[in-house]
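**Student:** This is the structure, below, for whatever I ask next.
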Amino acid sequence: MNKPSSKTVFFICAVTIIILFTAAILACVSLFIKADRYQQKARLLNQAVIESTSISETLKASGGDLSKTGQLMKEHTMFDVTDNKLTFYYDKDLRANSRSESPYKAVITKTSFENSFQYDIVFFESETGNSFYEFSFKAVQTGGV
Numbered sequence: 055m056n057k058p059s060s061k062t063v064f065f066i067c068a069v070t071i072i073i074l075f076t077a078a079i080l081a082c083v084s085l086f087i088k089a090d091r092y093q094q095k096a097r098l099l100n101q102a103v104i105e106s107t108s109i110s111e112t113l114k115a116s117g118g119d120l121s122k123t124g125q126l127m128k129e130h131t132m133f134d135v136t137d138n139k140l141t142f143y144y145d146k147d148l149r150a151n152s153r154s155e156s157p158y159k160a161v162i163t164k165t166s167f168e169n170s171f172q173y174d175i176v177f178f179e180s181e182t183g184n185s186f187y188e189f190s191f192k193a194v195q196t197g198g199v
């Protein structure tokens, strides 16, 4: 039986090291890509929380009037309002946007109960219609919000 030459052993070791090194690089790159996606989602959710808090406080200041709420949210130059629904539009970073073709929107729905109102704030992706953040609260009808 022939003994492998030292060049063959060196070549096999070099190829093995290159394969392992390439696998490690691919694993690191995929982890960085995944971490970046998680960071983008976290940033979007954080901004949605901040926006829903701002909308809630503005609803309180306007006495629950959706039209007044839209007007008081000065950074929103475009919004749609009906009797029980208010829609704000946002850009890709969830900042107020003036276009109805915006990638994200927040829909605030006002539901009346016996002695209270419920406000549901839901953030959607405009293209898919999938919601990614929801916030609800109730307010007594008498004496405003």
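Residues in the sequence shown are numbered from 55 upward in steps of one, following this note's numbering. Even for Gly, the Cβ is constructed at its ideal location relative to N, Cα and C.
Can you name the start and end residues of the alpha helix (DSSP H) that aspartate 90 belongs to?
**Tutor:** Locating residue 90 in the sequence shown gives position 36, where the first residue counts as 1. Element bounds for aspartate 90: 60-115.
**Student:** DSSP beta-bridge partners for leucine 140?
**Tutor:** Here residue 140 refers to the residue found at position 86 of the sequence shown. DSSP, once it has assigned bridges, lists Val135, Ile162 as partnering leucine 140.
**Student:** So, for tyrosine 144: in the same chain, excluding its five sequence neighbours on each side, which residues have a beta-carbon less than 6 Å away from its beta-carbon?
**Tutor:** Here residue 144 corresponds to residue number 90 of the sequence shown, with the count starting at 1. Counting only Cβ-Cβ distances below 6 Å, and skipping sequence neighbours, we find Asn151, Ser156, Tyr158.
**Student:** Let me check understanding here. Comparing Cα to Cα, which of Tyr187, Asp147, Gln195 lies closest to phenylalanine 167?
**Tutor:** For the purposes of this step, residue 167 is taken as the residue at position 113 of the sequence shown. Of all alpha-carbon atoms in Tyr187, Asp147, Gln195, the one lying nearest the alpha-carbon of phenylalanine 167 is that of Gln195.
**Student:** How would you label lysine 88, buried or exposed, when you count the other beta carbons within 10 angstroms and need 16 or more for buried?
**Tutor:** One-based indexing of the sequence shown puts residue 88 at position 34. The residue is exposed, with fewer than 16 neighbouring Cβ atoms inside 10 Å.
**Student:** Select from Ile175, Gln93, Ala77 the residue whose C-alpha is nearest the C-alpha of isoleucine 104.
**Tutor:** The residue you call residue 104 lines up with position 50 of the sequence shown. Among Ile175, Gln93, Ala77, the Cα nearest to that of isoleucine 104 belongs to Ile175.
**Student:** What is the DSSP secondary structure of glutamine 172, counted as helix, strand or coil?
**Tutor:** As a first step, residue 172 is located in the sequence shown; it is residue number 118 there, counting from the start. Strand, per DSSP.
**Student:** Quick one: what's got a C-beta closer than 6 Å to aspartate 134's C-beta in the same chain, skipping five residues either side?
**Tutor:** Translated into positions along the sequence shown, residue 134 becomes position 80. Result list for aspartate 134: Thr141, in chain order.
**Student:** How far does the alpha helix (DSSP H) with serine 121 in it reach, from first residue to last?
**Tutor:** Here residue 121 is taken as the residue at index 67 of the sequence shown, counted from 1. From DSSP, the alpha helix (DSSP H) with serine 121 extends over 120-126.
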